[in-house]
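Chemist:
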Amino acid sequence: MWERILVIVNKEVNQVLRHPRMRTMLFVPPLIQLIVFGYAVNLDADNIRFAWMDQSHTPASRELLAQFQGSRRFLLAALPQNETEIQNLLDKGDVQAAIRVLPGFGSDILLGRNTAAQVVIDGTNSNSASLISSYASSIMAHYAQTVANKQQGPRAMAQAESGTLNLRTTQVDARPRVWFNPNLISRNYFVPGVVANIIMIVTVMMTAMAVVREKEIGTMEQLMVTPIRPIELMIGKMLPFAVVGLMDMGIVTAGALLIFHVPFRGSFGLLIASVILFLLTSLGAGLFISTISQTQQQAIMSAFLFATPTFMLSGFAFPIRNMPVAIQYVTYLNPLRYFLEIVRGIFLKGVGVSVLWPQLVILAAYGTVIMGLSALSFRKKLD
Amino acid sequence: MNARRTRAVFQKEFRHVLRDARSLIMALVLPMFLMLLFGYALNLDVDRIPTLVYDQDQSAASRELVQQFRGSRFFEMEGLVDNYAAIERGFDRSKILMGLAIPRDYSRRVAAGEKADVQILLDGSDSNTASIALGYANLVVLDYSQKLASSGRNRTAGMRLSNPVEQQVRVLYNTTLESKNYVVPGLIAVILMIIAALLTSLTIAREWEMGTMEQLMSTPVRPAEIVLGKMLAFFVVGAIDTVLSVLTGIFVFNIPFRGNVWFLIVTSCVFLSGALFWGILLSAVAKSQLLAFQMGILSSFLPSFMLSGFIYAIENMPGVIQGITRFVPTRYFVTILKGIFLKGVGLEVLWSELLLLAAFSTVVFLLATRKLKQKLA
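As they're listed, the protein sequences go chains A and B. Going by numbering that gives the first Met the number 0, the residue at position 82 of the first sequence is 81; the numbering climbs one at a time, nothing skipped. Going by numbering that gives the first Met the number 0, the residue at position 298 of the second sequence is 297; the numbering climbs one at a time, nothing skipped.
Pasting the structure below:
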């Protein structure tokens, strides 16, 4: 039996690797995805371009500007003179925020009166806008606190009758400690996901083409007259792609660790084991698509239709907890979701079987069911 | 170029489109499916952050602080725990995203008017959610701290003081900061690019595969007329897709539409024809339907999704990749759509984008014609 499987594997590998196009299909997408997600996908707001409109021109307003520039998140990009200029800058997207200090800002502070500064934010990108808003607010709040300490301390002292007043003021500080990804780097979140995503895309696409190609060019008839049994044909067809899947995992993991320095805190053995469990599902799905399709065209279209929702609803790029509740339930049906949880758990959190066992069990169940079903339908088609 | 011959190619091709019912339905249903799928799934709003509280102080003061978090819609209290290990377990199992730890001497320090620290623990693996959550948490604490400070001063000094520098934050264009307003307009551009490139990527390759190219060659039709005629036939399908997508955006997702309808129509037509010409160019290059399809997916889906600024802001990318995005036509259409929908701006701001799209269309049309000429010769 293994001899015959080996023959099929040999034939398949030769067939696939003969086409230069196929060779590139196997190894270029993983690299492109790795580079794009490693470098391009970035949801942080780092160099926020802002416009500064100072109508006060006092040391107090310049001090506030210095606070913004010193935060290293804000980049001064324009100095508009009036409202229309601010509006234009925002319309064109030249700046993401504009800060306007009203006339009288400095004198109000000197006199100990309450005053205000306006922050206008371009909300088009809701994600950056909420980051910008919270960065700006915390800079202003810190500034307000220093002003309060400066101006109210002496005033309180002057008003206190005894003159020996306790000047310590209550202050509550938030001390953040971020786990798993202390510098909050986007790529640490995305790159491990690429491992899962690539394995799915490559294996589903490749196996989807594997059987239907024989059907289309008529070589299926030839295979059927040989002593090869359906199960052997099936295993022989899938084994090479399982190896490709594992190799892609190796490439992406190596790239993640060496180029992007993504932390890897868990066990490598567990990662391989979970990849194999997931391969059962993705190879099974590909085989099923291949069995039900008549032409390569249909196969690739169906693979695309299968892969897109699986990708979108996996939590790869968009957190599942933000989706509408009904769709959150749908994601429980998505095997990629569990695989992603495992991969991220291993890379970033360093957790093991004790934490990830539910996901592993579900993945194994999925693999068995999908593989079993597609094996059955494959046999039926051949008979 | 001859208008009559172009029309003949258009009629022939349009009949093909109508006859292949399955592909036609696919071409009309797929964009709606993608719109709904992406529109609902691509949500980056952060609220109801699941939080555990470890209150070591157990005092009225610490409970008041927790109450500040409870009152914010951004946090959802998952319960009280009495050790760090419970928070750690919550992170490991991804049950919570944030932990709030209040130290034992918190109320004593607050009462004495000293500086008190509270600890915010965050699961940083999803860096975006974590940084937004951290921003909210910081603000809650700062706000509370300011309240405490001024009430403390008021007590000791016997006067009314409040926050000396008030911050008036105003958000333009997308005042409620909903991510759907940001995502959906760009989504229309991405979907149109994918659909258009897929629609036409098969058309010339099919003629080669079925051998009907020879027949076309024996007619007096010229390459430019073939390219234009074929584009126009699929343009009808693409235009219907555009209208459907825009209507879905406005009526299903309630995206504000602040711009000019005519400007939207003109820019969509320019972009759509460019995307369709692109598919024809691939089709002329590839010769096989399968290869054309793969190239279509690879060249339309990946760059449109990742490099158009549709979700991932271009200004955050490294310089080299920012340079590459200048060659992604979807980028300009995404800017135009966001401008029309959210900002309500028109030609006066977006003329350069429109010009670049028109240039893209023309260049791709010329390339496709030349490629076809070479192949025919």
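Note that CB positions come from ideal geometry on N, CA and C, so glycine has one too. Note that this is a predicted model, so its numbers are computed, not measured.
1. Any beta carbon from chain A within less than 8 angstroms of Pro255/B's own beta carbon?
2. In this structure, does DSSP put Phe73/A in helix, strand or coil?
3. Any idea which residues DSSP pairs Pro175/A with across the strands?
4. Mind checking the region 71-95 of chain B against chain A and listing, in chain order, the residues whose C-beta falls within less than 8 angstroms of any C-beta there?
5. Just checking my contact of Val190/A with Val261/A at CB under 8 angstroms: how many whole Å lie between their CB atoms?
6. Which chain B residues sit within Cβ distance under 9 angstroms of Gly265/A?
7. Just confirm the distance between the C-beta atoms of Ser373/A and Gly249/A, as a whole number of angstroms; I'd bet it's less than 8 angstroms.
8. Evaluate Arg330/B with the Cβ neighbour count: other Cβ atoms within 10 Å of its Cβ, from every protein chain shown; 16 or more gives buried, anything less gives exposed.
9. Exposed or buried, what is Pro216/A when buried is set at 16 or more other beta-carbons lying within 10 Å of its beta-carbon?
10. My understanding is that Ser287/B touches Ala204/B, with C-beta atoms under 8 angstroms, so please give their C-beta distance in whole angstroms.
11. Using a C-beta to C-beta distance shorter than 9 angstroms, which residues of chain A count as neighbours of Gly134/B?
12. Who are the Cβ neighbours of Val117/B in its own chain at under 6 angstroms, not counting the five residues just before and after it?
13. Over what stretch of residues does the alpha helix (DSSP H) that includes Gln10/B continue unbroken?
14. Leaving out five residues before and five after Gln54/A in sequence, what residues of the same chain have Cβ atoms less than 8 angstroms from its Cβ?
15. When you compare the CB of Arg159/B with every CB in chain A, is at least one pair closer than 8 angstroms?
16. Are Val211/A and Ala298/A touching if we call contact CB-CB under 8 angstroms?
17. Buried or exposed for Met322/A, please, with buried defined as at least 16 other CB atoms from any protein chain shown within 10 angstroms of its CB.
18. When you compare only the Cα positions, how much space is there between Ile119/B and Ala132/B?
19. In whole angstroms, give me the CA-to-CA distance for Ile187/B and Ile225/B.
20. Let me check understanding here. Comparing Cα to Cα, which of Gly349/A, Phe338/A and Phe346/A lies closest to Ala364/A?
21. Can you find a C-beta in chain A that's less than 8 angstroms from the C-beta of Tyr181/B?
22. Which residue wins for smallest C-alpha separation from Leu306/B, given the options Tyr328/A, Arg3/A and Gln32/A?
23. Would you list, in chain order, the members of the region 330-348 of chain B that have their beta-carbon closer than 7 angstroms to a beta-carbon of chain A?
24. For Ser280/A and Glu213/A, what's the separation of their Cα atoms in angstroms?
25. Please go through the same chain and pick out, in chain order, the residues whose beta-carbon is closer than 8 angstroms to the beta-carbon of Phe317/A, but skip the five residues on each side of it.
26. With a threshold of 7 angstroms, establish whether the CB of Val226/B neighbours any heavy atom of the ligand ATP.
27. With 8 angstroms set as the bound, which would you pick, yes or no: does the beta-carbon of Gly122/A sit closer than that to a beta-carbon of chain B?
28. Measuring alpha carbon to alpha carbon, tell me which residue in Met25/B, Arg14/B, Leu121/B and Lys11/B is nearest Leu198/B.
29. By the 8 angstroms beta-carbon criterion, what residues does the region 32-45 of chain B contribute toward chain A?
30. Could you have a look at Glu87/B and say whether DSSP puts it in helix, strand or coil?
31. Provide the residue(s) that pair with Thr50/B in DSSP beta bridges, ordered along the chain.
32. For Ala111/B, name the three-state secondary structure that DSSP assigns.
33. For Arg114/A, does the three-state DSSP call read helix, strand or coil?
34. One question on the structure: do Gly314/A and Arg336/A come within less than 8 angstroms of each other, judged by their Cβ atoms?
35. At the level of alpha carbons, what is the spacing between Tyr142/A and Ile131/A?
36. So, does the CB of Tyr311/B fall closer than 8 angstroms to a CB anywhere in chain A?
Modeler: To lay it out plainly:
1. Working through the second sequence from its first residue, we reach residue 255/B at position 256. No, its Cβ sits nowhere closer than 8 angstroms to a Cβ of chain A.
2. Within the first sequence, residue 73/A is the residue found at index 74, counting from 1. Looking at Phe73/A - three-state DSSP - the assignment turns out to be strand.
3. Translated into positions along the first sequence, residue 175/A becomes position 176. Its beta-bridge partners are Ile119/B.
4. Phe90, Asp91, Arg92 and Ser93
5. Mapped onto the first sequence, residue 190/A falls at position 191. Mapped onto the first sequence, residue 261/A falls at position 262. Indeed they touch by this definition, with Cβ atoms about 5 angstroms apart.
6. Taking the first residue of the first sequence as position 1, residue 265/A is located at position 266. Those within 9 angstroms of Gly265/A in chain B number zero; the least Cβ separation is about 11 angstroms.
7. Within the first sequence, residue 373/A is the residue found at index 374, counting from 1. Within the first sequence, residue 249/A is the residue found at index 250, counting from 1. Ser373/A to Gly249/A, Cβ: 26 angstroms. No contact.
8. Translated into positions along the second sequence, residue 330/B becomes position 331. Result: buried.
9. As a first step, residue 216/A must be located in the first sequence, where it is residue number 217. The sequence shown places Ile at residue 216/A, rather than the Pro named in the question. With fewer than 16 other Cβ atoms within 10 Å, it is exposed.
10. As a working note, residue 287/B is residue 288 in the second sequence. As a working note, residue 204/B is residue 205 in the second sequence. That belief holds up - the Cβ atoms of Ser287/B and Ala204/B are roughly 6 angstroms apart, short of 8 angstroms.
11. Along the second sequence, read from residue 1 onward, the residue named residue 134/B stands at position 135. Per Cβ cutoff of 9 angstroms: Ser129, Leu130, Ser132, Ser133, Tyr134, Ser136 and Ser137.
12. Here residue 117/B is taken as the residue at index 118 of the second sequence, counted from 1. Excluding sequence neighbours, Val117/B sits near Ile101.
13. The residue given as residue 10/B occupies position 11 in the second sequence. Unbroken alpha helix (DSSP H) run through Gln10/B: Ala2 to Arg18.
14. Residue numbering aside, residue 54/A sits at position 55 when the first sequence is read from its first letter. Same-chain partners within the cutoff: Arg99, Val100, Leu101, Pro102 and Phe104.
15. Taking the first residue of the second sequence as position 1, residue 159/B is located at position 160. For Arg159/B, the pLDDT reaches just 49, beneath the cut-off of 50, and the residue's location in the model is therefore unreliable, although a value from the coordinates is still provided. Taking Cβ atoms only, chain A never reaches closer than 8 angstroms to Arg159/B, which makes this a no.
16. Your numbering for residue 211/A matches position 212 in the first sequence. Your numbering for residue 298/A matches position 299 in the first sequence. Yes.
17. Within the first sequence, residue 322/A is the residue found at index 323, counting from 1. Buried is the call here.
18. Walking along the second sequence from the start, residue 119/B turns up at place 120. Walking along the second sequence from the start, residue 132/B turns up at place 133. Going by the C-alpha atoms only, they are around 10 angstroms apart.
19. The residue you call residue 187/B lines up with position 188 of the second sequence. The residue you call residue 225/B lines up with position 226 of the second sequence. Taking the straight line from one Cα to the other gives about 28 angstroms.
20. Counting from 1 along the first sequence, the entry for residue 364/A is found at position 365. It is Phe338/A whose Cα lies nearest to the Cα of Ala364/A.
21. Translated into the one-based positions of the second sequence, residue 181/B becomes position 182. It does; some Cβ of chain A falls within 8 angstroms.
22. Taking the first residue of the second sequence as 1, we reach residue 306/B at position 307. Looking at the Cα atoms, Gln32/A is the closest of the given residues.
23. Lys337, Leu341, Lys342, Val344 and Val348
24. Sequence index remark: in the first sequence, residue 280/A carries index 281 (1-based). Sequence index remark: in the first sequence, residue 213/A carries index 214 (1-based). Note that residue 280/A corresponds to Thr in the displayed sequence, not to Ser. Roughly 22 angstroms separates the two Cα atoms.
25. On the first sequence, residue 317/A is found 318 positions in, with the first residue counted as 1. The answer, listed in chain order, is Met311.
26. Absence of the ligand ATP is noted for the structure shown, with no ligands found whatsoever.
27. Residue 122/A sits at position 123 when you count from the first residue of the first sequence. Chain B contact via Cβ: present.
28. One-based indexing of the second sequence puts residue 198/B at position 199. The option with the nearest alpha carbon to Leu198/B is Met25/B.
29. Leu33, Leu36, Phe37, Tyr39, Ala40, Leu41, Asn42, Leu43, Asp44 and Val45
30. Here residue 87/B refers to the residue found at position 88 when the second sequence is read from its first residue. Of the three classes helix, strand and coil, the one that applies to Glu87/B here is helix, per DSSP.
31. If you number the second sequence from 1, residue 50/B lands on position 51. Thr50/B is bridged to Met76/B and Met97/B.
32. For the purposes of this step, residue 111/B is taken as residue 112 along the second sequence, with counting starting at 1. The answer is coil: DSSP assigns Ala111/B none of H, G, I, E or B.
33. The sequence position of residue 114/A within the first sequence is 115, counting from 1. Reading the sequence as shown, one finds Thr at residue 114/A and not Arg. If DSSP states are grouped into helix, strand and coil, Thr114/A belongs with the strands.
34. The residue you call residue 314/A lines up with position 315 of the first sequence. The residue you call residue 336/A lines up with position 337 of the first sequence. Yes, the pair counts as a contact, with Cβ atoms nearer than the cut-off.
35. Position 143 of the first sequence, counting from 1, holds the residue named residue 142/A. Position 132 of the first sequence, counting from 1, holds the residue named residue 131/A. For Tyr142/A and Ile131/A, the distance between alpha carbons rounds to 16 angstroms.
36. Position 312 of the second sequence holds residue 311/B. It does: the Cβ of Tyr311/B has a partner Cβ on chain A nearer than 8 angstroms.
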